[in-house]
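Enquirer: Residue numbers (the numbering used here): 1 to 383.
For every residue, glycine included, the Cβ atom is placed at its ideal position computed from N, Cα and C.
Note that this is a predicted model, so its numbers are computed, not measured.
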Ligand code: ADP
Ligand code: MG
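#1: Taking 7 Å as the limit, tell me which residues put their C-beta closer than that to any heavy atom of ligand 2, in chain order.
#2: Please indicate yes or no: does the CB of residue 91 lie closer than 6 Å to some heavy atom of ligand 1?
#3: Between the region 51 to 71 and the region 132 to 140, do three or more beta carbon pairs fall short of 8 Å?
#4: Compute the minimum distance between the beta carbon of residue 113 and the heavy atoms of ligand 1, and state whether it is under 6 Å.
#5: Verify the contact flag: residue 3, CB atom, against every heavy atom of ligand 1, threshold strictly below 6 Å.
#6: Assuming residue 53 and residue 151 are in contact, meaning their beta carbons sit under 8 Å apart, how far apart are those beta carbons, in whole angstroms?
#7: Please tell me whether residue 317 has its Cβ less than 7 Å away from any Cβ of chain C.
#8: Run through the DSSP bridge pairs and tell me what residue 332 is partnered with.
#9: According to DSSP, is residue 43 helix, strand or coil?
#10: Quick check on the DSSP output: what are the complete alpha helix (DSSP H) runs of length 4 or more inside the region 95 to 151, in order along the chain?
#11: Please state the DSSP three-state secondary structure of residue 83.
#12: CA-CA distance, residue 122 and residue 337?
#13: Looking only at C-alpha atoms, which of 158, 354, 260 sits nearest to residue 86?
#14: For residue 184, I'd like the list of residues in its chain whose CB is within less than 7 Å of its CB, leaving aside the five on either flank, ordered along the chain.
#15: Going by Cα to Cα distance, which pick from 358, 276, 266 is closest to residue 308?
#16: So does residue 70 have its beta carbon nearer than 6 Å to some heavy atom of ligand 1?
#17: Taking one C-beta from the region 197 to 205 and one from the region 340 to 352 each time, how about it: are there three or more such pairs within less than 8 Å?
#18: Below 8 Å on the Cβ atoms is my guess for residue 23 versus residue 132; work out the distance and round it to an integer in Å.
#19: Please indicate yes or no: does the CB of residue 67 lie closer than 6 Å to some heavy atom of ligand 1?
#20: So what does residue 307 bridge to, in DSSP terms?
#21: What does the Cβ neighbour count give for residue 355, buried or exposed, with the cut at 16 atoms within 10 Å?
#22: Looking only at its own chain, which residues have a Cβ that is under 6 Å from the Cβ of residue 275, when we skip the five neighbours before and after it?
#23: Within 10 angstroms of the Cβ of residue 248, are there 16 or more other Cβ atoms? Answer buried if so, exposed if not.
#24: Over what stretch of residues does the alpha helix (DSSP H) that includes residue 344 continue unbroken?
#25: Measuring straight from C-alpha to C-alpha, what distance separates residue 62 and residue 96?
#26: DSSP on residue 259, reduced to helix/strand/coil?
#27: With residue 233 as the anchor, note down where its beta strand (DSSP E) starts and where it stops.
#28: The alpha helix (DSSP H) that contains residue 19, what's its start and end?
#29: Residue 144: buried (16+ other C-beta within 10 angstroms of its C-beta) or exposed?
#30: Under a Cβ-count criterion, where at least 16 other Cβ atoms within 10 Å of its own Cβ denotes burial, should residue 170 be classed as buried or exposed?
#31: Put residue 364 into one of helix, strand or coil per three-state DSSP.
#32: The beta strand (DSSP E) that contains residue 212, what's its start and end?
#33: Just to confirm, does residue 217 get its C-beta within under 6 Å of one of the non-hydrogen atoms of ligand 1?
#34: If you drop the 5 nearest sequence neighbours on each side, which residues of the same chain put their C-beta closer than 7 Å to that of residue 130?
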């Protein structure tokens, strides 16, 4: 774990003194897409890009926060509910206000934030900043919270203060992530199981560098389709493919195919977890490919760039599987690549994508990482 080089000097310059350090990771979802908000199964891994918060205690009840690369300073008193500003400060103020509203009396703090998680690419920089901030504020106040409560409060901050209707997956994995493991999370019971990732394969994330405008309206539409289906045939989580086929005539299109994605995707997550546990990486890769096709054809949340990226990946040697990850309509793909082929993969996927789209993608080779932690200066190197 390497502390970003600028963090301590920047804190000393802005606030003075030596802070405590906290970090929370972003994440990539390996399989189980668009299943969280119907209480289904997902399989994310925390990645080795974190948001860092350097925190110093104050004697008053003021929160002051600066984030490197983001404009302005947040300053407010914990004795008054902060107002939503429509910018990055909402994530920090929202977490503080949500913790206070849940009865956790906080001390004032100076916070310097440094983000490594690419912003707005579907790798959940938003959960990373929420979880790192919540951990910093609680520890700064000598408070402790069960990790599940912790994740739920961060989700509440994003839902209610920021106004983004996200599920629990992002905050959960940022808290509970485990090195070299993915977590199979049941979004209804909130129970999880860690599944070891194969040592001989790497997680390679390719950023298409596009984000189409319709992403948020289509996201809300998909949720409405699922809610409409549930009113007709009951909770999608309990639906089997047999029942869906038998009741198909009761469901209008496109609701029927939306359901088919959700039902088959939940089954694929179970099968994918089992294949990892049996060390059958090839089978895991095939489930990733199937997941992409289902998201493209039944859920209709892919786009030309995501399809190009996964098709390019699928043709390269050493690739077990590849799919879009995140909400869709742009953002990133995730590929599972045999470690010996990663370098060639990165070069070839980048040049192939540039030729077909004219865009230069960003490619991140990741390793599954532990969830949020306080980081001791003694155990770390400073880069
Ligand atoms: P994603 O979670 O996929 O990265 P979101 O749109 O959900 O995308 O969240 C991105 C927003 O989170 C940014 O626009 C910014 O407001 C906030 N954010 C993320 N990281 C940071 C950071 N390091 N400092 C300040 N704000 C951040
Ligand atoms: Mg987000």
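Expert: Here's the rundown:
#1: 124, 125, 126, 127, 164, 166, 170
#2: yes
#3: yes
#4: yes
#5: no
#6: Rounded, the Cβ-Cβ distance is 17 Å, inconsistent with contact.
#7: Among the chains of the structure shown, chain C does not appear; only one protein chain is present.
#8: 207, 325
#9: strand
#10: 125 to 140
#11: coil
#12: 20 Å
#13: 158
#14: 41, 43, 192, 193, 195, 269, 273
#15: 358
#16: yes
#17: yes
#18: 6 Å
#19: yes
#20: In DSSP, residue 307 forms no bridge with anything.
#21: exposed
#22: 283, 284
#23: exposed
#24: 342 to 357
#25: 11 Å
#26: helix
#27: Run containing residue 233: none in the beta strand (DSSP E); it sits in the alpha helix (DSSP H), 215 to 233.
#28: Unbroken run through residue 19: none, as it is neither H nor E.
#29: exposed
#30: buried
#31: strand
#32: It is not in any beta strand (DSSP E) - residue 212 carries neither H nor E in the DSSP assignment.
#33: no
#34: 91, 95, 154, 157, 158, 171
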